[in-house]
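The opening residue of the sequence shown carries number 126 in my numbering; numbering runs sequentially from there. Heads up, the beta-carbon is just placed ideally off N, CA and C, and yes, glycines get one too.
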Amino acid sequence: MKNKHFLKDLLDTFSASMKSEFDVIKKAVSAVKMLIKIMPEQKQNIQDMSDELEQTQDKMTQLQSQLTKDQQSLQDELSTVKYPFHKK
């Protein structure tokens, strides 16, 4: 009789463990399915961000070029200015 309870307890414990493992596997499979489902959207988001970064880099290059031109223009203009307080 004691042996019968031992086996039943052992089977109950094993059954509970297997149910717990099965639940974990179900959640993992569900997560993988969700990731597969959103992968195309994420790829598009990454492509959009990449395109936007490229446009921003181009704009930064244009602005840097304009800034360099403006600085040169200011230096040229300042070089022609005669200050009244300049020592003779």
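Length of the line joining the Cα atoms of L132 and K162: 44 Å
K127 versus L135 - alpha carbon distance: 12 Å
Span of the alpha helix (DSSP H), counted from its first residue to its last, around V149: 127 to 205
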